[in-house]
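So the protein sequences, as listed, match chains A and B. Under the numbering used here, the first residue of the first sequence is numbered 5, with each subsequent residue one higher. Under the numbering used here, the first residue of the second sequence is numbered 132, with each subsequent residue one higher.
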Amino acid sequence: MRTIHSDAIVSAVAEICQEAAFRLPADVRRALEEARGTEKSPLGLSILGQITENADLAERERVPMCQDTGVAVYFVELGNEVRIEGLGLAEALAEGTRQGYTEGYLRMSIVKDPLFERVNTKTNGPPVVHVELVPGDRLRITLAPKGGGSENMSAMAMLKPLVGKEGVAEFVVETVRRAGGNACPPIIVGLGLGGNFERAPYLAKKALLRKLGSVHPDPRYAAFERELLERVNATGVGPQGLGGRTTALAVHIEAAPCHIASLPVAVNLNCHAARHASVEL
Amino acid sequence: MKKITLPLSPEDARTLQAGDEVLLTGTLYTARDAAHKRICELLAAGSPLPFELEGATLYFVGPTPAQPGRPVGSAGPTTSTRMDAFSPTLIAHGLRGMVGKGDRSPAVVEAMKAHGCVYFAATGGAGALIARCIKSSELVAWEDLGTEAVRRMEVEDFPVVVAIDCEGNNLYHTGPAAWARESERRGGGRMKPLGVAGRTPGQGG
């Protein structure tokens with residue numbers, strides 16, 4: 005067994021909260037640059053220019069690239085030979101979030117209760133935490149802060165299995181079209197397929213973490229991702245929903261086995277400020 | 132690129148057309164849904180407002196806290212649909228401009244046409260860039276709302292697009308439609324008629 009003290013988790017998490025808010029990942033920055041090469045709408049080009057300039061400015065001046073610094077969503081890979089000393093994992097992540105969001109002048113965007121007490125917790129917590137047990141003695145934490153604009157336009161459906169690929173494609177395209185400018189395009193589309201009612205949205209969110217430009221390991225899904233991207237971009241929604249060729253930078257799919265009667269489909273949209281940062285302890 | 136001074140004059144409001152790229156300079160007031168609700172409650176009660184609504188332009192924004200030495204933190208637009216329930220009332224009481232992101236409801240557009248109000252789109256997710264255009268930010272009302280409080284901002288060359296003009300021309304409709312046709316001409320997307328999928332997604336905002 006390897007022991008990790010919660011203090012190390014707290015300080016590492018505080019750091020990645022700020023890192024994520026200030027620095028757009030290189031793959032996203034590259035994809036935006038490529039979009040500037042293919043976009044033909046003059047207004048779309050002007051918007052893409054603002055977006056890349058904004059990313060550079062945020063990194064240089066250590067200012068959040070977006071004022072919606074989001075819900076802190078953590079994907080944790082916890083080695084089964086790791087023992088955490090001090091605070092529990094959830095408490096350590098919450099405390100790291102509080103410190104990171106406070107020290108970084110990030111916006112606290114969480115309210116205590118969805119219905120009866122919409123009062124800011126002032127800690128940006130509690131965060132949303134997904135833990136996966138893996139072999140080994142490492143602890144890997146990935147933070148994907150998620151803004152409300154794109155999260156609100158995400159959608160989930162339990163389709164009939166017989167609608168197949170075409171039914172899924174229509175649901176994806178319709179979700180993107182309805183989201184319009186609200187989701188802050190150019191977006192990244194995370195598509196979770198299969199599993200069950202609660203598994204599909206998790207898969208969709210996880211799909212958003214894959215590096216832009218990477219190819220799905222299953223050639224059938226790789227081809228479906230390309231087809232979906234083409235169809236999503238054919239909507240004309242464009243940068244900020246004001247028209248253009250660049251509606252999405254990528255469509256990423258995560259699929260899982262499912263029930264014979266079900267075809268769970270979840271579409272999690274991510275704005276162009278597709279922030280994430282990781283740390284391994 | 133047009134340069135427009137705030138507060139918007141009725142003449143400027145009427146000459147702006149959907150699709151115009153504009154640089155705004157002058158005074159904006161910030162308000163999100165919570166502040167809109169309070170403004171509407173004061174209007175309904177016939178009570179005075181904490182700022183002059185006649186001719187004003189509202190910016191739908193909840194900034195990050197200002198770092199030391201800066202007037203404001205990151206300050207990009209939030210989704211405007213959350214203000215749709217309140218905007219027609221404010222427009223009827225003199226609101227002349229709104230800055231946000233995303234399409235508006237038909238009722239908002241009707242009120243804009245009736246009273247000569249313009250809706251500008253700022254670039255969502257460009258909060259650092261926009262913050263550079265904000266020269267000062269001062270609390271006007273409702274500190275308890277935190278980031279959602281009403282603030283007076285002096286802006287300089289704030290880049291926006293006229294998304295919906297006083298005549299109701301709406302770039303959120305015409306823009307994507309034009310570019311979908313462009314895509315079709317190029318043979319992109321292999322679009323097929325919709326209607327097989329079991330359900331339509333719920334709307335957020």
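Backbone N, C-alpha and C fix where the C-beta goes; we use that ideal spot for every residue, glycine too.
>> Three or more C-beta pairs under 8 Å: does that hold for the region 260-273 of chain B against the region 42-61 of chain A?
In response: yes
>> By the three-class DSSP mapping on this structure, what secondary structure does B:T136 have?
In response: strand
> In chain B, which residues lie less than 7 Å from A:N200 when you measure between Cβ atoms?
Replying inline: Correct list: empty, because the minimum Cβ distance to chain B is about 16 Å.
> So which residues on chain A does B:V230 lean against when the C-beta distance must stay under 8 Å?
Replying inline: Within chain A, no residue comes near B:V230; the closest Cβ sits about 13 Å away, beyond 8 Å.
>> Please report the straight-line C-alpha distance between A:P46 and B:V292, rounded to a whole angstrom.
In response: 12 Å
> For the 8 Å Cβ check, are there 3 or more pairs between the region 218-232 of chain B and the region 170-186 of chain B?
Replying inline: yes
> What residues in the region 296-316 of chain B bring their beta carbon closer than 9 Å to a beta carbon of chain A?
Replying inline: L302, Y303, T305, G306, P307, A308, A309, W310, A311, R312, E313, S314, E315
> Are the C-beta atoms of B:Q198 and some chain A residue less than 8 Å apart?
Replying inline: yes
>> Pop quiz: A:D72 and A:G152 are said to be a contact at Cβ under 8 Å. What is the actual Cβ separation, rounded to whole angstroms?
In response: 6 Å
>> I'd like to check one pair, B:F191 with B:S205: are the Cβ atoms closer than 8 Å?
In response: no
>> What does the Cβ neighbour count give for B:A245, buried or exposed, with the cut at 16 atoms within 10 Å?
In response: exposed
>> So B:L260 contacts chain A; which residues on that side make the cut at Cβ distance below 8 Å?
In response: Q54, E57, N58, L61
> Excluding sequence positions up to five away, which residues of its chain have a Cβ less than 8 Å from the Cβ of A:T239?
Replying inline: V177, V180, R181, T251
> Shortest alpha-carbon distance to A:A76 belongs to which of A:E89, A:V86, A:H134?
Replying inline: A:H134
> Are there three or more Cβ pairs, one per stretch, closer than 8 Å when the region 282-302 of chain B is compared with the region 79-98 of chain A?
Replying inline: no
>> Measuring alpha carbon to alpha carbon, tell me which residue in A:Q103, A:A94, A:N186 is nearest A:M157.
In response: A:N186
>> Which residues in chain B have a C-beta closer than 8 Å to the C-beta of A:H263? List them in chain order.
In response: Neighbours of A:H263 on chain B: none; closest Cβ ~15 Å, over 8 Å.
> Hey, how far is the Cα of A:E23 from the Cα of B:M243?
Replying inline: 41 Å
>> Just to confirm before moving on: does the CB-CB distance between A:H280 and A:L213 stay below 8 Å?
In response: yes
> By Cβ distance below 8 Å, which residues in the same chain neighbour A:E19 in space, the five residues on each side in sequence not counted?
Replying inline: G104, V283
> If you draw a straight line from the C-alpha of B:K323 to the C-alpha of B:Q198, how long is it?
Replying inline: Here the model assigns B:K323 a pLDDT of 48, short of 50, so the residue's position is not dependable, and the following value carries that caveat. Going by the C-alpha atoms only, they are around 50 Å apart.
>> I need the boundaries of the beta strand (DSSP E) containing B:C264, first residue and last residue.
In response: Unbroken run through B:C264: none, as it is neither H nor E.
>> With a threshold of 7 Å on Cβ separation, who are the neighbours of A:V241 within its own chain once the five nearest residues in sequence on each side are excluded?
In response: V180, R181, G184, P189, T251
>> So, for A:R27: in the same chain, excluding its five sequence neighbours on each side, which residues have a beta-carbon less than 7 Å away from its beta-carbon?
In response: E63
>> Can you give me the C-alpha to C-alpha distance between A:A12 and A:R33, rounded to a whole angstrom?
In response: 30 Å
> Which bits of chain A does B:P290 rub up against, with CB to CB less than 9 Å?
Replying inline: S50, Q54
> Which parts of the region 168-207 of chain A are runs of the alpha helix (DSSP H), unbroken and 4 residues or longer, counting only runs that do not cross its ends?
Replying inline: 168-183
> What residue range is occupied by the uninterrupted beta strand (DSSP E) comprising A:R2?
Replying inline: Outside the shown range of chain A (5 to 285) lies residue 2 of chain A, about which nothing can therefore be said.
> Any idea which residues DSSP pairs B:P290 with across the strands?
Replying inline: B:L154
> B:T188 and B:L137: beta carbons closer than 8 Å?
Replying inline: yes
> Three or more beta-carbon pairs under 8 Å between the region 226-235 of chain B and the region 139-150 of chain B, yes or no?
Replying inline: yes
> Under a CB-based cut-off of 8 Å, is A:E65 close to chain B?
Replying inline: yes
>> At a CB distance below 7 Å, what residues from the region 233-244 of chain B approach chain A? Give them in sequence order.
In response: G233, D234
> Hey, is the region 271-279 of chain A in contact with the region 208-228 of chain A, meaning 3+ C-beta pairs nearer than 8 Å?
Replying inline: yes
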